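First comes the structure, then the notes that go with it.
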Amino acid sequence: MNSVSDSGAGVISPRIKQLALQGARKKRLDKGRIRLVVVMTVFFAVFTSITGRLVYMAVTGKPRAIVARSADDLPAMSRPDVVDRNGVILATDVRKPSLFAQPNRIIDANEAADLLADALPDISTSELRSKLASGKGFIWLKRGINEAEQQRVHRLGIPGIGFREENRRVYPSGRTLSHVIGHVGIENIGAAGLEKWIDADRGLIALREAGLSGERDRDNSAVELSIDLRAQHALRDELAEAMKLYAAVGASGVILDVTTGEIVALASLPDYDPNDPKDSIDLNALNRITTGTYELGSIFKAFTVAMALESGRFTMASQLDARAPLQFGSQRIGDFHGKGRVLTLPEVFIYSSNIGSAKMALALGVDHHREFMQKLGFADRLRTELPESAKPQFRRRQWKPVESATIAFGHGIAVAPLQAAAATAALMNGGYLVRPTFRKRSAEEARALAPRVLSQATSDAMRQLFRLNVEKGSGKRAEVEGFLVGGKTGTADKPGPHGYQKNKRLNSFLAAFPTDKPRYVVLVTLDEPQRTPGAGEATAGLNAAPTVGKVISRVAPLLQVAPRIERLAGSQPALALPAVR
Amino acid sequence: MIRFIAIFAIACLVGLAAFVYRVKYDSIALNREAQRLEKDIAIERDAIAALRAQFSALSKPSRLQGLAERHLKHLKPFSVSQLTTTSEIPDRLPDLGAFIDKLPLNAGLPVADTELGSPTGSERKPFRPPVPAKRPLKPAQ
Numbered sequence: 001m002n003s004v005s006d007s008g009a010g011v012i013s014p015r016i017k018q019l020a021l022q023g024a025r026k027k028r029l030d031k032g033r034i035r036l037v038v039v040m041t042v043f044f045a046v047f048t049s050i051t052g053r054l055v056y057m058a059v060t061g062k063p064r065a066i067v068a069r070s071a072d073d074l075p076a077m078s079r080p081d082v083v084d085r086n087g088v089i090l091a092t093d094v095r096k097p098s099l100f101a102q103p104n105r106i107i108d109a110n111e112a113a114d115l116l117a118d119a120l121p122d123i124s125t126s127e128l129r130s131k132l133a134s135g136k137g138f139i140w141l142k143r144g145i146n147e148a149e150q151q152r153v154h155r156l157g158i159p160g161i162g163f164r165e166e167n168r169r170v171y172p173s174g175r176t177l178s179h180v181i182g183h184v185g186i187e188n189i190g191a192a193g194l195e196k197w198i199d200a201d202r203g204l205i206a207l208r209e210a211g212l213s214g215e216r217d218r219d220n221s222a223v224e225l226s227i228d229l230r231a232q233h234a235l236r237d238e239l240a241e242a243m244k245l246y247a248a249v250g251a252s253g254v255i256l257d258v259t260t261g262e263i264v265a266l267a268s269l270p271d272y273d274p275n276d277p278k279d280s281i282d283l284n285a286l287n288r289i290t291t292g293t294y295e296l297g298s299i300f301k302a303f304t305v306a307m308a309l310e311s312g313r314f315t316m317a318s319q320l321d322a323r324a325p326l327q328f329g330s331q332r333i334g335d336f337h338g339k340g341r342v343l344t345l346p347e348v349f350i351y352s353s354n355i356g357s358a359k360m361a362l363a364l365g366v367d368h369h370r371e372f373m374q375k376l377g378f379a380d381r382l383r384t385e386l387p388e389s390a391k392p393q394f395r396r397r398q399w400k401p402v403e404s405a406t407i408a409f410g411h412g413i414a415v416a417p418l419q420a421a422a423a424t425a426a427l428m429n430g431g432y433l434v435r436p437t438f439r440k441r442s443a444e445e446a447r448a449l450a451p452r453v454l455s456q457a458t459s460d461a462m463r464q465l466f467r468l469n470v471e472k473g474s475g476k477r478a479e480v481e482g483f484l485v486g487g488k489t490g491t492a493d494k495p496g497p498h499g500y501q502k503n504k505r506l507n508s509f510l511a512a513f514p515t516d517k518p519r520y521v522v523l524v525t526l527d528e529p530q531r532t533p534g535a536g537e538a539t540a541g542l543n544a545a546p547t548v549g550k551v552i553s554r555v556a557p558l559l560q561v562a563p564r565i566e567r568l569a570g571s572q573p574a575l576a577l578p579a580v581r
Numbered sequence: 001m002i003r004f005i006a007i008f009a010i011a012c013l014v015g016l017a018a019f020v021y022r023v024k025y026d027s028i029a030l031n032r033e034a035q036r037l038e039k040d041i042a043i044e045r046d047a048i049a050a051l052r053a054q055f056s057a058l059s060k061p062s063r064l065q066g067l068a069e070r071h072l073k074h075l076k077p078f079s080v081s082q083l084t085t086t087s088e089i090p091d092r093l094p095d096l097g098a099f100i101d102k103l104p105l106n107a108g109l110p111v112a113d114t115e116l117g118s119p120t121g122s123e124r125k126p127f128r129p130p131v132p133a134k135r136p137l138k139p140a141q
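Quick note, the sequences are listed as chains A and B, same order. Using the UniProt record's numbering, you'd call the opening residue of the first sequence number 1 and step up by one each time. Using the UniProt record's numbering, you'd call the opening residue of the second sequence number 1 and step up by one each time.
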């Protein structure tokens, strides 16, 4: 190296050549040069890799921040919004401050408790004192406080007391959808209904345990339901009205799309406010459509008649002798509105003949009957997204003839009303048993999953029978001008501890509209409606049927069912001037 | 040559150090800015969520029904009988002239219920057709 520094800068190359000729110096010089090159190469490599890495990070980057959690109690979970089929918000998170204390930092717990008790009248002084004197590192004092309270507490200026914003679930539509949407607990964890299902479906619990649940997640797209909030409100409003009008203890209803199986509306009264779910534990506030099982009575004749037609052994022209009651040992099956003559099959349906229905079932045999009911899904629990479901009371063992006879008119079998609605959808849509859902679904998706249980011909006949019953039979009061409502009434005596009770009834009306091309099934049940002044006996045709009529007249335009106006034309020309007196 | 490279490398190093220094401080400032923006976005998101919830609560059907029942007493729900098909509409209008002739115009047309009131509070007068001013007719020539 010395020799290099001795020489002039401008003439390095000739000197190197010269130096290269000398032995010992050459060796040293070569060594030095090699070292230099090695060091340069190493530095070059290191810097290049660092630069490369920097460029890579700058280009692809988004380094994931590690969320550091303090020892605080976990904040309430963030949940996705829930919207109805038209995008209306049904449930959402809003930020609300919660009040916490760090008792180990509080100087005088008694004084702090007194001051806070003045600012927060709904918490007692003793409760506050015991909390503040606990000496813990962190404790929630009140979850979700309002602005005025926050101001008051803030003004006290007590050290060791603070606010923290938390997610609070709000349900803007309130009671309208309580049973479907369910509600959440204090930590914003789903406690019932679809909220509970969302937790499982979106893996929210796992996220929470990983400590990643406090922030509003921008990727968390809204959960879209099949419910139409407007139809839901109309249904609930009419049920509430009917409950008051007929002095019933409960009322419930469901509107089901026959082709897609989407539940457009589902209401059960009494209900509760999901924003304040303390009433939800009331047994009477259960979801009567999915969680209760009932002997639905005469509406089951629709399934019996469908079975008879499907078997090929009965046609619309078949005749059944309904003159004499059937006798099974001590049990006797008679007709409520007895005609005392031979009835045709459509007459059995529209006069709701118990004898005729029982005879059809008996003619086909108990095994055939049981298998058909199983095929319609009455043997198994109907599972939807709702975590709550009820197991139907269905005898899987060999039926006795008397059981087959009573099941033919809807006694001795108890199912969730949603199951009856789903089976009716199959009666109306050409025979496909679609599974009801609370999520949006297309007709193709539904069809792919649905087993075919009936032929098109049977389905067509059932549509006609439903319509006939509203035109001529017990369902007259369900008629809605222009919408071709069809349906079947069911007035069932409720089973009590000592057999069936004569004065406690479950009235239902099972309807479909429009019957020329059915789009929706509507099932309404009224629990223990009393006689109403001027309305005679409290039968389904006089209370459940008109309720369905009112529901359909309100929801049909909302659900974009076009009215059949051609049928109405006639008496008055379309464009007429009012008469002048 | 090597000295030249060394000087060049030192210059590069100094330049790089200055550059890294600047980038680092810029990035700290940008990071702070990003955090501030993130926080602003979160606040805005929360505000949007709260407003959307409020909008839903204000426009929920049960509330609208109550308002309609209170304030729209004069309107009736739509009825199917108000619909018709195009084929039902006649090609010609009915005889309007005869209809108008029969109207008892001087008694005033029936006036809609004024319960809603006008915003100014002034009473709405029943409609009266304008009466032509009495003017002596010019004798026709």
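Ideal Cβ positions, reconstructed from N, Cα and C, are used throughout, including at glycine. Everything numeric in this text was worked out from a predicted model, so none of it was measured.
DSSP, read as helix, strand or coil, puts A/GLN319 in strand.
At a cut-off of 8 Å, the C-beta of B/SER27 has no neighbouring C-beta in chain A.
Note on A/GLU241: under 16 other CB atoms within 10 angstroms of its CB, so exposed under the neighbour-count rule. With respect to the 8 Å criterion, A/ARG467 and A/GLY482 are not classified as neighbours on the basis of their beta carbons. Against chain A, the CB of B/ASP46 has a partner CB under 8 Å away; the residue lies at that interface. Contact annotation: A/LEU269 and A/SER280 have beta-carbon atoms that are not nearer than 8 Å.
Under a criterion of Cβ atoms nearer than 8 Å, no residue of chain B is adjacent to A/PRO80; the nearest Cβ is some 11 Å distant. Pairwise C-beta distances place the region 485-502 of chain A out of contact with the region 378-395 of chain A, as fewer than three of them are shorter than 8 Å.
Proximity to A/TRP140 across A/ALA109, A/SER126, A/LEU99, A/SER130 peaks at A/LEU99, based on C-alpha coordinates.
At a cut-off of 8 Å between C-beta atoms, B/ALA50 counts as an interface residue with respect to chain A. Between A/HIS369 and A/SER352, the CB-CB gap reaches or exceeds 8 Å.
Contact between A/VAL180 and A/PHE438 is confirmed by a C-beta separation of about 7 Å, below the 8 Å threshold.
If you look at A/TRP140, you'll find it in the beta strand (DSSP E) that goes 139-142. When C-beta atoms of the region 231-251 of chain A are compared with those of the region 548-559 of chain A, three or more pairs fall below 8 Å, so the two segments count as touching. Cβ contact annotation for A/LYS375 (same chain, cutoff 6 Å, sequence separation greater than five): VAL453, in chain order. Rounded to the nearest angstrom, the gap between the Cα atoms of A/ALA461 and A/GLN331 is 32 Å. Taking 7 Å as the cut-off between beta carbons, the residues of the region 77-95 of chain B near chain A are PHE78, VAL80, SER81, LEU83, THR84, THR85, GLU88, ILE89, PRO90, PRO94, in sequence order. Put simply, the CB of A/GLY162 is far from chain B, with every gap to its CB atoms at 8 Å or more.
Taking a C-beta cut-off of 8 Å against chain A, the contacting residues of the region 60-72 of chain B are LYS60, PRO61, SER62, GLN65, listed in chain order.
Closest in C-alpha terms to A/THR41, from the list B/PHE4, B/GLN65, B/ALA9, B/LEU16, comes B/ALA9.
The Cβ-Cβ distance between A/LEU120 and A/LYS142 falls below 8 Å. For A/ILE34, the enclosing alpha helix (DSSP H) stretches over residues 23-60.
Scanning A/GLU224, A/ILE107, A/ARG202, A/SER126 for the CA closest to the CA of A/VAL83 turns up A/GLU224. By the criterion of at least three beta-carbon pairs nearer than 8 Å, the region 314-323 of chain A is not in contact with the region 429-445 of chain A. With distances taken between CA atoms, A/GLU528 lies nearest to A/LEU506 out of A/LEU506, A/GLU471, A/PRO274, A/GLY162. Inter-residue distance for A/GLU195 and A/SER173 is about 15 Å (C-alpha atoms, whole angstroms). In the DSSP annotation of this structure, the continuous segment of the alpha helix (DSSP H) that includes A/ASN469 starts and ends at 456-471. For B/ALA18, the nearest beta carbon of chain A is not closer than 8 Å to its own beta carbon. Close to A/SER173, with beta-carbon spacing below 9 Å, are these residues of chain B in chain order: SER56, ALA57, LYS60, PRO61, SER62. In the three-state DSSP reduction, A/SER268 falls in the strand class (E or B).
For A/ILE263, the three-state secondary structure derived from DSSP is strand.
Note that the region 538-547 of chain A does not touch the region 255-271 of chain A; fewer than 3 beta-carbon pairs, one per stretch, sit closer than 8 Å. Bounds of the alpha helix (DSSP H) holding A/ALA109 are 109-119. The region 190-207 of chain A and the region 300-315 of chain A do not touch, with fewer than 3 CB-CB distances between them shorter than 8 Å. Inter-residue distance for A/ILE123 and B/GLN54 is about 28 Å (C-alpha atoms, whole angstroms).
A distance below 6 Å between beta-carbons, with the five flanking residues on each side excluded, links A/ARG554 to the following residues of its chain, in chain order: ALA234.
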